[in-house]
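Okay, so here's the structure we're looking at.
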Amino acid sequence: MAKITAVIDIGSNSARMVIYEKTSRFTFHMLNETKSKVRISEDAYKNDGNLQEEPMQRAYEALCNFLSIAKSYKVRKILCVATSALRDAPNKSVFLQKIRKELGLNIKVINGEKEALFGGIAAANLLPNYQNALTVDIGGGSTEFSIINNKNVQNPISLNLGAVRLKELFFDKNNIKEAKKYIDNELEKLSFEKIKTIIGIGGSFRSIASALMELEGYPFDKIHAYETNIEKFKKLLEDILDAKDKDLKSLAIKDERFDVIKPGALILLRIIKKFNIQKLITSGVGVREGVYLYDLLRTSNFKFPENFNPSVRYLLDSYVDNKQYSNLLAKVAKEIFDLVSHDLNIPQDYRYHVALAAKLYPVGASIHYYSKHKHSYYIIQAALEYGFTHFDTLLIATLNRYAKRKLPSKEHYEKYQLLLPEKEILDILSFIVSVSIALLTHKPQNKDFSLSYKDHTLYILDKGCLRVSQEAVEKLKFIKSLEIRFVPYK
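All you need for the numbering used here is the position in the sequence shown, starting with 1, plus 1036.
The following block contains the structure:
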């Protein structure tokens, strides 16, 4: 696959382009994202699906700009797909031929099942692992569904349910009763069972989830992998449907969504009621990422290798030069955790967080050594994204922010308490990471000490010269439940 690739997705409501750069075989990061609200489907559903001249011209101009941006990044490969609006349009060939002839861009019009598959591949690979989860991608002209089980994508299906479609067919005529009937008839085509989790993809879901985050004062500014309270989400959907357009801003809905948010909210509400959903997850990824991964992972059954995480690998590739030191930090952190966790009543799940926090400790030093903790914290918060819950990301970032310094502050804990373990556990985890870093202050090629634990005391047997490491440990703020003693080698 090309080192720098652009993916263009022409949806019924918006056209978007993302540009990715590969940093290693399965690792990539985004260089650019550009969006244009072309609304190519505008007035199409009132005209037997035919694309209208003005929307086609808007899309043409946006694609022209996209190609200019792609050229500036020296893009070597462009993957361009179009979804519902073009798929349904009897006159789509007019638009496709014009783009091919005048811009030299080949657009692939994908069917609904392929669109659902792309969204499912993105969610399965770039979100935490879920069982019996239903992806729901509400677009302008259609809604796509797939089942996610252990990173596998099953039963992709597309229905003619879209926010723009329902707006033009029903909401513009204030015929909400018929809109509900139409939605429910379409949903009868779904025969999924045991679905308790919805993974929301697409602009409608993300807009509503973002609004809820703002209204609730959610402490973490990241939409991807946001898990929301189902009852609060349903209440917001109902409030949106009951609100007058001028009052939508008070519900934290952005102006650009005013005309299509109600149809999207109604579709979501009917889906939630049909399946008795208990958990809602917001996906920041969708068709574009799925198209990219479909190409990237085509030789590995459209899944990353076992135990591979693209966000972790990207951080290591981009910010950590001494991989041996990074791996040694993780090894020591796990060893200390294994020695003390049972006695200190620390759940085993936190072993992963401690090890990864230690492994990523060197990240910030590549930006500025003396403010490395601050930089590690912000970089991890932003870039440790794919495959992690908000709890995971914030805990690992917090352990880095306070590594080898002091225990997490009361102010920090109170701000993020919703997404952190209880304070006593957080302090112990923080101390374990700090001790691991301090013990390797002298940066040995291999571990030159041994560890043992007894009676709330961690013993370090010095097999070489640990003077600076011992001094670093002594500077740490200790916790009451754990002492540390250095024992000279005899």
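Note that CB positions come from ideal geometry on N, CA and C, so glycine has one too. Note that the structure is a prediction, hence the values are computed from the model and not measured.
task = In angstroms with no decimal places, state the Cα-to-Cα distance between ASP1295 and LYS1128.
result = 25 Å
request  = Can you check DSSP and say which residues form a bridge with PRO1524?
outcome  = ASP1498
query = Considering only the beta carbon of each residue, do THR1063 and ASP1428 sit closer than 8 Å?
reply = no
key: Of the listed residues TYR1406, ASN1436 and GLY1423, nearest to PRO1414 (C-alpha basis)   = Going by the sequence as given, residue 1414 is Tyr instead of Pro. The candidate whose alpha carbon is nearest that of TYR1414 is ASN1436.
request  = Give the DSSP-derived three-state secondary structure of ARG1334 in the structure shown.
outcome  = coil
inquiry  = Measuring CB atoms only, is the segment 1303-1322 touching the segment 1260-1279, in the sense that at least three cross pairs come out at less than 8 Å?
reply    = yes
inquiry  = Beta-carbon within less than 6 Å of PRO1299's beta-carbon, same chain only, minus the 5 sequence neighbours each way: which residues are those?
reply    = ALA1199, LEU1202, LYS1203 and PHE1207
request  = Could you tell me which uninterrupted beta strand (DSSP E) segments, each at least 3 residues in length, are contained entirely in the segment 1283-1333, listed from first to last along the chain?
outcome  = 1315-1318
request  = Closer than 8 Å by C-beta to SER1407: which residues in its own chain qualify, once you throw out the five before and the five after it? Chain order, please.
outcome  = GLY1400
request  = Using a threshold of 8 Å, state whether the C-beta atoms of LEU1494 and ILE1464 are closer than that.
outcome  = no
key: LYS1285 classed as buried or exposed, judged by whether at least 16 other C-beta atoms fall within 10 angstroms   = exposed
inquiry  = Rounded to the nearest angstrom, what separates LYS1134 and LYS1359 at their Cα positions?
reply    = 51 Å
query = Of the residues ALA1288, ILE1235 and LYS1282, which one's Cα is nearest the Cα of MET1249?
reply = ALA1288
key: Bridge partner(s) assigned by DSSP for ALA1051   = ILE1046 and SER1072
inquiry  = Please report the straight-line C-alpha distance between MET1053 and HIS1478, rounded to a whole angstrom.
reply    = 47 Å
message = If the criterion is Cβ atoms closer than 8 Å, does the pair ILE1234 and LEU1170 meet it?
response = yes
task = Confirm, please, whether the CB-CB distance from ARG1075 to ASN1101 is below 8 Å.
result = no
inquiry  = Output needed for SER1060: all residues of its chain with C-beta closer than 8 Å, excluding positions within five of it in sequence on either side, in chain order.
reply    = ARG1349 and ASP1353
query = Any chance the segment 1361-1372 sits against the segment 1083-1098, with 3 or more Cβ pairs inside 8 Å?
reply = no
query = CA-CA distance, LYS1309 and PHE1131?
reply = 39 Å
key: Cβ contact (3+ pairs, closer than 8 Å) linking the segment 1479-1489 and the segment 1442-1456   = no
request  = Using only alpha-carbon positions, find the residue among VAL1111, TYR1489 and LEU1430 that is nearest to SER1466.
outcome  = LEU1430
ask   = Okay, do the segment 1217-1236 and the segment 1251-1259 touch, 3+ Cβ pairs below 8 Å being the bar?
value = no
query = Hey, would you say VAL1172 sits closer than 8 Å to GLY1236, going by beta carbons?
reply = yes
SER1182 versus GLY1156, TYR1166 and ASN1161, residue with shortest Cα-Cα distance = GLY1156
inquiry  = Within the continuous beta strand (DSSP E) that includes ASP1281, where are the two ends?
reply    = First-last for ASP1281: undefined, no H or E at that position.
query = Can ILE1193 and SER1243 be called in contact, C-beta distance under 8 Å?
reply = no
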